[in-house]
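All remarks here apply to the structure that follows.
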Amino acid sequence: TVVPSTTLAQDIIGLKPDGVFLSNGPGDPAALEYAIKNVRDLIGRKPVFGICLGHQIMGHALGGRTFKLKFGHHGGNHPVLNVERKQVEITAQNHGFAVDPDSLNLNDIRITHVNLNDNTVEGFAHRSVPAFSVQYHPEASPGPHDSYYLFKKFFEMMKGWKT
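Using the working numbering, the first residue of the sequence shown is number 6, and each one after it goes up by one.
In structure tokens:
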């Protein structure tokens, strides 16, 4: 089920989803206060997976901040280190903002991915609830299968989540 970004968290919960996927989109994530509040209200209630703008909004929802990149990340072949797997993934990207790592509470969140070109945060996961995100576009499959495991991880989270 696809819902508009303005849909309230309680209305999303009312749809009884197995999980919530936060998609990409344009613009400054800090300006999307309604979406940040809704995501904050969803985290811990359902498994959440965010990409690109969804990653940035999740960063804000978890108390972080974003900043504007000087040139942005655009196109394919951006190398990203998966810190947990110690593997480099080739990614597709299209964004002008990044999550500020110094704004994240590392007691609650672990950084999972780092951009090898500029060391920006490319992914993080919550330590105690099923919520994670990546800055890049895993659905674009530039690797071509480098990011498939993210969708598998989300499916497993949804199967294991008890409401």
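Just so it is clear, CB atoms sit at the ideal spot from N, CA and C, and this is done for glycine as well.
DSSP-derived helix/strand/coil call for residue i
i, result
"residue 31", "coil"
"residue 61", "helix"
"residue 86", "strand"
"residue 140", "coil"
"residue 47", "helix"
"residue 42", "helix"
"residue 121", "coil"
"residue 91", "coil"
"residue 73", "strand"
"residue 19", "helix"
"residue 101", "strand"
Nearest-angstrom Cα separation, counted from residue j out to residue i
i, j, result
"residue 22", "residue 44", "14 angstroms"
"residue 54", "residue 163", "10 angstroms"
"residue 90", "residue 51", "25 angstroms"
"residue 137", "residue 127", "11 angstroms"
"residue 133", "residue 113", "7 angstroms"
"residue 74", "residue 125", "10 angstroms"
"residue 166", "residue 93", "29 angstroms"
"residue 63", "residue 41", "7 angstroms"
"residue 78", "residue 14", "30 angstroms"
"residue 69", "residue 116", "12 angstroms"
"residue 72", "residue 160", "31 angstroms"
"residue 20", "residue 49", "16 angstroms"
"residue 32", "residue 95", "24 angstroms"
For residue i, the nearest candidate out of the options (CA to CA)
i, options, result
"residue 104", "26, 136, 140 and 11", "140"
"residue 111", "67, 154 and 143", "67"
"residue 36", "123, 10 and 109", "10"
"residue 108", "129, 97 and 101", "129"
Within-8 angstroms CB hit, residue i to chain B
i, result
"residue 152", "Included in the structure is just one protein chain, with no chain B present."
CB-CB length for residue i against residue j, believed under 8 angstroms
i, j, result
"residue 57", "residue 29", "3 angstroms"
"residue 47", "residue 84", "Not quite, the Cβ-Cβ distance comes to about 31 angstroms (not below 8 angstroms), so this is no contact."
"residue 99", "residue 142", "7 angstroms"
"residue 18", "residue 8", "With a Cβ gap of about 11 angstroms, residue 18 and residue 8 do not count as contacting."
"residue 34", "residue 65", "6 angstroms"
The ligand GTP heavy atom lying under 7 angstroms from the CB of residue i
i, result
"residue 97", "You won't find the ligand GTP in this model; it holds no ligand whatsoever."
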